[in-house]
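Here's the structure we're looking at; comments come further down.
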Ligand SMILES: O=C(O)c1ccccc1NCC(=O)[C@H](O)[C@H](O)COP(=O)(O)O
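Residue numbers (the UniProt record's numbering): 1 to 268.
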């Protein structure tokens, strides 16, 4: 793992330094995971855009913190048609927790992604989840071992990439779920053309997810037209300010529905 790299934004270096310090768990987790591809297929069959809605109280690029009970937020997201959920468990920079994830997974039936910055195998054991995020840029030579370690525990590993080289590394590591992050962790800027550039390089057998920066139903359609099997959306669903602009008054169910209905109802 490379926490010193000059090409990372200071906030991301800080996230990685905190991750390196975080302890894992003593015991080994074994998960009976809910299938993410099956949840996407069920959403498609129902006419919904497959959306992973993210419980993201705050972040280095978010103004303020949303302090609602994570279970209330999660249930509202499912009411809005989310195929799956993502829960931030990183405490220092995102105000997340493994306890949030534990409670959310107990309360809903859909697959739940653990969104964190995992850098060691023992950190996989901190909490059960259906899907775990592994970020290619941070794991470098350890990526394949972490993919195997996650699968050995029953998790579905979702490998996050941002460049062609990282996509090649994810495929070489045997990833079947790949997320293309539109947010550049070097500058924290978002550019949806990142997904458009990488999607054609991914083989059809991969479940491909467009991550970050999807702010409007038009963005959702753009990512789907570029080949996204699913969309990971945090800020536009959580953010009260953005919700106000859309006229939904911070209503997380309504915010989620804008995206899940993007292909049937247009810009709701
Ligand atoms: O969201 C951030 O500010 C951030 C900063 C540094 C590293 C990671 C960050 N986000 C993690 C994520 O991957 C997003 O929460 C997720 O893709 C959803 O993105 P968005 O819809 O843009 O909130």
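Heads up, the beta-carbon is just placed ideally off N, CA and C, and yes, glycines get one too.
Could you give the DSSP three-state label for residue i: helix, strand or coil?
i	result
residue 183	strand
residue 157	strand
residue 13	helix
residue 20	helix
residue 34	coil
residue 124	helix
residue 263	coil
residue 148	helix
residue 200	helix
residue 226	coil
residue 243	Here the model assigns residue 243 a pLDDT of 45, short of 50, so the residue's position is not dependable and the matter cannot be decided.
residue 61	coil
residue 104	helix
residue 169	helix
residue 92	helix
residue 258	helix
Run through the DSSP bridge pairs and tell me what residue i is partnered with.
i	result
residue 84	52
residue 211	181 and 232
residue 135	160
residue 190	183
residue 114	87 and 132
Please report the straight-line C-alpha distance between residue i and residue j, rounded to a whole angstrom.
i	j	result
residue 12	residue 262	32 Å
residue 55	residue 117	15 Å
residue 64	residue 25	31 Å
residue 96	residue 124	16 Å
residue 41	residue 204	15 Å
residue 177	residue 28	23 Å
residue 111	residue 84	5 Å
residue 72	residue 103	10 Å
residue 61	residue 264	31 Å
residue 14	residue 91	12 Å
residue 31	residue 147	15 Å
residue 236	residue 251	11 Å
residue 44	residue 196	21 Å
residue 213	residue 129	24 Å
residue 105	residue 259	22 Å
residue 135	residue 34	21 Å
residue 39	residue 78	12 Å
Pop quiz: residue i and residue j are said to be a contact at Cβ under 8 Å. What is the actual Cβ separation, rounded to whole angstroms?
i	j	result
residue 113	residue 167	The Cβ separation is near 19 Å, so there is no contact.
residue 127	residue 101	5 Å
residue 184	residue 218	In fact, because the Cβ distance is near 22 Å, the residues do not count as touching under 8 Å.
residue 222	residue 80	Their Cβ separation, rounded to whole angstroms, is 20 Å, which puts residue 222 and residue 80 out of contact at 8 Å.
residue 226	residue 253	That belief does not hold up - the Cβ atoms of residue 226 and residue 253 are roughly 27 Å apart, past 8 Å.
residue 211	residue 181	5 Å
residue 131	residue 36	5 Å
Checklist entry - Three or more C-beta pairs closer than 8 Å, one from the segment 39 to 52 and one from the segment 230 to 237: is that the case here? => result yes
Next on the checklist: So, does the segment 162 to 180 touch the segment 131 to 140, judging by three or more C-beta pairs under 8 Å?
Outcome noted: yes
Next on the checklist: Whether or not the segment 8 to 25 and the segment 182 to 198 are in contact is what I'm after, with contact meaning three or more pairs of Cβ atoms, one per stretch, closer than 8 Å; do they touch?
Outcome noted: yes
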